[in-house]
Each structure stands twice: as structure tokens, then as C-alpha cells.
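For the sequence shown, the positions run 1021 to 1270 when the numbering used here is used. Glycine is no exception: its CB is placed at the ideal position from the N, C-alpha and C atoms. Below: the structure, in C-alpha cells.
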Amino acid sequence: MITRVFLMIAAGVVLSACQPAVPDSGRGVGFDGTFEEQQRRREAALATSGVPAPSSVSSAPLLPVNDGSPEATAAATARVLAATRPGGASNGLGNDAASNSGIAPINASPSNPAPAVVNTAGISNENNFDAVSGQRTIGDDAARIAANRAQYQVVQPEALPDRGDAGPNIVAYAIASKHALGTPVYTRIGLNKASKAQRACAQYSHPDQAQIAFLSDGGPTRDRKGLDPDGDGFACAWDPSPFRRAAQGG
1021 MITRVFLMIA AGVVLSACQP AVPDSGRGVG FDGTFEEQQR RREAALATSG
1071 VPAPSSVSSA PLLPVNDGSP EATAAATARV LAATRPGGAS NGLGNDAASN
1121 SGIAPINASP SNPAPAVVNT AGISNENNFD AVSGQRTIGD DAARIAANRA
1171 QYQVVQPEAL PDRGDAGPNI VAYAIASKHA LGTPVYTRIG LNKASKAQRA
1221 CAQYSHPDQA QIAFLSDGGP TRDRKGLDPD GDGFACAWDP SPFRRAAQGG
């Protein structure tokens, strides 16, 4: 027992000897002395190399204050344009023909000549009274108006053509019926009416087609194809509301 205790104490001493020394945290950041050493090296380098000399500073006189007069504004504009012309008076901002598709720009000035008149041969001059009066007289215009009126054709309204046997008119049926969609009006007998209606309605790409087929085969009182399981007279959830609103102007 004593031997075991002695071995445990010896192992503890060995482990404590292997642990690194705990630094003194009371010295703050850089307690290992590296911060002070780096600071001393930096101050020594600055003392030997010296502070670099400042770069040369050039000065230029300020432009005169523009008092708002036309002369002062023109002079200020000329100074700005002259300052932005790297190639002399013939080049620079607004005067470089190379940057304007090879054509030198026209500087606005009251002394510029009037622009050349564009050829307007293909443009109508009907709004130019002087030009039109030289081409024809008032009598000529009256003759032209009379000729135009002689060409008028008045088409009289005619009765609408007879639809003949074109099948059921679902628009007239929607307007004539007054009950809402889903309101049972007609008796339907049978089992699994909903599932049968789902299979039957799948044969039509639009409810209008299903309603036409439903009315053509004895609907709404009879439903041989099973298109109207709830007996509201509307096959495959066909909705008459849009036709009714159109008839009422809404």
C-alpha cells in the first residue's frame, strides 16, 4: 500500500515538471518582452532613416469670379475649354473631329450661317396654304370633294342569317336559366354519379363542348351521358355566369 502511494506521488512530481512555465499575466499584453523589443527596433529605425521629405506642391491662381454677365460667362467658358484641350486650340473637348465620326462639330453661335434646307420633295405640303394655293384653286378642292362623295357606298343593314340546325345555343340557355351553378333542379338517379361524371367529362376539352353535348342528348331534363350528376342543368361544372353578365352589360 505504501509503495503504491509512493509511486503516485512520484508520478505527480514528474508530470508537474513537464508543464511549461506559466507567464506573468500581470505585465499585460506582450508580457514575454517581444512588444517592447519591437517598439525599440522601430524607434531606432526611424531615428536612423529619418522622416521622408514632403512632396513638392505647386500653386495656380484662382479663376476670376463670374459676376453673371454674358462677357464674364463667355470668358469663363473659354478658360474651361482651353484647360481641357490637350492638343491645342483645334483639339480637345467638343472640337475633336476624330471623336465625332470624323466630322467636326458645329459650335452654336448667332453668327453661324443658316442651315441648308433639306429636300422635302417626298413630304406633303397640305398644311402650307401658300404652297397649296399655288397648285390648285378652291374650285379644284370642291370638285375633288364631290368626286370622293360619288364613290361612297352606303351598305344597308340586313337581317342576321339563320343559324339553322347548328345545335343548342348555350348562350340563350344560360340567359334563360335563372338558378345558380350547383343548385339541384333536375332529378338524377344512379350510383357513383360523381365518378361516372368525372370519366364522362374527361372526353371534352372545354366545358362549353360538354354543355352542348349535354343539351343535344336530352338535357337538361335527361342526362344519358352522366355529365350532370348534381342535377343543376349544367354539365361538367359549366358556368352560365359570364353569359348572363354579358347580357346585362356588366
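- Cα atoms of Q1218 and P1249: separation of roughly 10 Å, rounded to the nearest angstrom.
- At the C-beta level, V1205 and D1237 stay beyond 8 Å of one another.
- When only Cα atoms are considered, L1066 and Q1059 end up about 11 Å apart.
- Per the coordinates, the alpha-carbon of S1261 lies some 19 Å from the alpha-carbon of A1233.
- Rounded to whole angstroms, the gap between the alpha carbons of R1061 and A1102 is 54 Å.
- Where S1236 is concerned, the enclosing alpha helix (DSSP H) starts and stops at 1227 to 1236.
- I1143 sits in coil when the DSSP states are folded into three classes, being neither helix nor strand.
- Taking D1228 as reference, the option from Q1176, I1190, M1028 with the minimal CA-CA separation is I1190.
- DSSP places A1217 in the uninterrupted alpha helix (DSSP H) bounded by 1213 to 1221.
- Only buried fits D1243, as 16 or more other CB atoms lie within 10 angstroms of its CB.
- With respect to the C-alpha of L1235, the residue from A1220, G1187, R1208 having the closest C-alpha is G1187.
- Note on geometry: alpha-carbon atoms of F1149 and E1091 lie some 43 Å from one another.
- Counted as a single uninterrupted DSSP element, the stretch harbouring R1208 is not any alpha helix (DSSP H), since DSSP gives it neither H nor E.
- Your pair A1214 and K1245 does not check out as a contact, with CB atoms roughly 14 Å apart and the cut at 8 Å.
- A residue is called buried once 16 or more other Cβ atoms fall within 10 Å of its Cβ, and A1194 is buried on that count.
- Rounded to whole angstroms, the separation of the alpha carbons of A1094 and S1131 is 15 Å.
- A distance below 7 Å between beta-carbons, with the five flanking residues on each side excluded, links E1146 to the following residues of its chain, in chain order: V1152.
- Less than 8 Å divides the Cβ of Q1231 from the Cβ of F1254.
- Counting along the chain, G1159 sits inside the alpha helix (DSSP H) bounded by residues 1158 to 1170.
- By the neighbour-count definition (other C-beta atoms within 10 Å, threshold 16), L1211 is an exposed residue.
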